[in-house]
Amino acid sequence: MNWNQLISNCRLGQEHRHPEHSSGIRTEFKRDYDRLIFSAPFRRLQNKTQVFPLPGSVFVHNRLTHSLEVASVGMSLGNDVYQQLRQRHGDELSPLVSEIGQIVATACLAHDMGNPPFGHSGEKAIQTFFTEGKGYYLKGMVSAAFWSDITHFDGNANAFRLLTHSFKGRRQGGFAMTYSTLASIVKYPFPSNHATKNKFGFFTSEYDNYKTIAHQLGIPLLQADGNQERWARYPLVYLVEAADDICYEIMDLEDAFKLKILSYEETSQMMLAFFSETDREKILKRINDEELTDLNEKVQYMRACVIGMLENECVQTFMAHEEEILAGTFSGSLIGNISNQPRQAYKVCTEVARQRIYRSQPVLDVELSGYRIMATLMELMVEAIEHPERYYSQQLIGRVSSQYDIDSPLLETRLMAVIDYISGMTDVYALDVYQKICGISLPII
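Counting along the sequence shown from 1, when you hit position 12 you're at 50 in the numbering used here, and nothing is skipped either side.
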């Protein structure tokens, strides 16, 4: 791969246009960013669970605040990488390469837009409805590729669909984003029949879109076997992934401290472990010099130091492995290849989060409730599209937005419309619909 081909402002579905002739000072990549910020799917992230239940007395991260923070770190990663690329390659680089920071930040905004309500339990509810639930009977009624898609349903692939699929009444190319921005969100550049732990990059319905993008950007095939192709990772995906890795792990520690799941001593110890003894002393001296006595403020300062350090480590790792990344031979993530001390400290944080945070009672309660809500919605909506002549089915189908092809004569299209509809809900809306259609609450009461 080469940088000048990798950075393209051509838009999906609008290939006939010439973006270089656009008027105004906003670049095409800035237009991508603005298009997402002002979109309804992005706004809905404010009511989607990140890890902890949505706000009670203590405000913790939701998908929206998480995405904004990831975009901030992603902008820094991209800008810093560009500065080093310019020093290394000089005038060989196209002017468009200077937009790497903007592209990464935009992809960071979009990276969670395909996540269903209730986080991973929502994904699991959709998958298991078909593998363990009442939807299993559909297996012999759909293609093998489609069955693979829905039984491995994943928010990553759904984000790519959300941005590229031409829903009813919408323009060609979906959001009509630039090729480079779209490629940057595809963390797993292969279809569901290659899924690793249920992770894959795009549904069969969007296969041709990704193939077009990969061809135009010069992303090489690592495996070519008909419709089972596997591509190399687009280089900027590593920066988007790093920004996400940095934010969710470190910010989850801060949230866990605020919720009193972790003590101040535990939290500060884990954060200071990223640094050498000399740097720890500097951080503690700064805290003392600033006369910080509020424990939340101390944790926030240490968290900022950790994020800054990890950002720099990931930039250095990217540049050290640039040749492998461009060749498609780099293995693992950037965060997994940083220097030893911060890498070990990050592993400790990951293990503590797994044991103490992700299995905490508030998190498990949301997952259990969310799973039941999602499973019920899937069951009722799929039954409705299978028997649309029934009165109750007609009432349910009437709730679905006109952009979803819920009345299609094709079963696969109708099933995907149900998944699009349910996965696009917020946690609050999914709960509201669940209560209403199950007769738990009435609008007049």
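C-beta: ideal position from N, C-alpha, C; glycine also.
In its chain, beyond the 5 residues on either side, R82, N85, K86 and P155 have a beta carbon closer than 7 Å to the beta carbon of T464. When the five nearest sequence neighbours on each side are left out, the beta carbons in the same chain lying within less than 8 Å of the beta carbon of T65 are those of N47, E137 and Q140, in order along the chain.
With a cutoff of 9 Å on beta-carbon distance, A214 and Q441 are scored as not near each other. Annotation: the segment 234-320 contains the following complete segments of the beta strand (DSSP E) (minimum length 3 residues), in chain order: 259-261.
Only exposed fits I75, as fewer than 16 other CB atoms lie within 10 angstroms of its CB. Distance from the Cα of H232 is smallest, within the candidate group A383, L260 and Y217, for L260. The beta carbon of G256 sits closer than 8 Å to those of M39, N40, Q43 and L44, all from its chain and outside the five residues before and after it, given in chain order. DSSP, read as helix, strand or coil, puts T388 in helix. According to DSSP, residue pairing for R428 in a beta bridge does not occur.
Apart from sequence neighbours up to five positions away, the residues of its chain that approach P273 with a beta-carbon distance below 7 Å are M39, L44, I363 and L364, ordered along the chain. Segment contact: the segment 296-314 against the segment 402-413, fewer than three CB-CB distances shorter than 8 Å; contact not assigned. Between L372 and A280, the C-beta spacing is below 9 Å.
Contact annotation: the segment 335-352 touches the segment 283-293, with at least three C-beta pairs closer than 8 Å.
The segment 134-167 is shown to contain whole alpha helix (DSSP H) runs of 4 or more residues at 138-148, in chain order. Here the alpha carbons of S110 and E130 stand approximately 28 Å from one another.
Note on P258: under 16 other CB atoms within 10 angstroms of its CB, so exposed under the neighbour-count rule. The beta carbon of L434 lies closer than 8 Å to those of L418, M419, A422 and I475 in the same chain, with the five residues before and after it left out. Inter-segment contact for the segment 163-179 and the segment 387-404 is absent: fewer than three beta-carbon pairs are separated by less than 8 Å. In this structure, S186 sits away from S243, with a CB-CB distance that is not shorter than 9 Å.
Taken atom to atom, the span from the alpha-carbon of M308 to that of N196 is near 34 Å.
Looking at the backbone, the Cα of Y175 and that of H99 are separated by about 39 Å. For I63, the number of other beta carbons within 10 angstroms of its own is below 16, and it is reported as exposed. By the neighbour-count criterion, in which 16 or more other beta carbons inside 10 Å mark a residue as buried, Y459 falls on the buried side. In terms of Cβ geometry, F167 and A413 form a close pair [threshold 9 Å]. Boundaries of the alpha helix (DSSP H) harbouring G346: L333 to A358, taken from the DSSP string.
Here N100 carries a strand assignment [DSSP, helix/strand/coil]. Membership of S218 in the alpha helix (DSSP H) is indicated by the continuous run Y217 to S222. Non-local C-beta neighbours of E267 in its own chain, meaning closer than 8 Å and more than five positions away in sequence, comprise F228, P229, K249, L259 and Q261, ordered along the chain.
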